[in-house]
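In this note's numbering, the protein residues as written are 10 to 117.
A virtual CB, placed ideally from N, CA and C, is assigned to each residue, including glycine.
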């Protein structure tokens, strides 16, 4: 009985440590503090998730701002955004800023 109790205690302690590490990893990754792919030439400005494996993203490469679509089949450049379009995003006080700029281009 003593060996079984000791084994159960070790398993419980292991599971607590495992969940704690997972919790803290998820918190740091969600806040953007933990990033494995930082680049000094490419900056992700905003992201709009459509489904788990499909999203739209605004990226800055040098002085160009690009709207790209990421899907399981690949990455597709949708259009180049002007600097004034991005300033419009920062000036608006709407909560869903990315959606408002996307709506502007889909209405044309």
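- Burial check for residue 110: the Cβ neighbour count within 10 Å reaches 16 or more, so the residue is buried.
- Rounded to whole angstroms, the gap between the alpha carbons of residue 91 and residue 73 is 8 Å.
- Exposure of residue 16 is indicated by the presence of fewer than 16 other C-beta atoms within 10 angstroms of its C-beta.
- Under the three-state reduction of DSSP output, residue 53 falls in the strand class.
- Put simply, the stretch 50-58 touches the stretch 70-89. At least three CB pairs are less than 8 Å apart.
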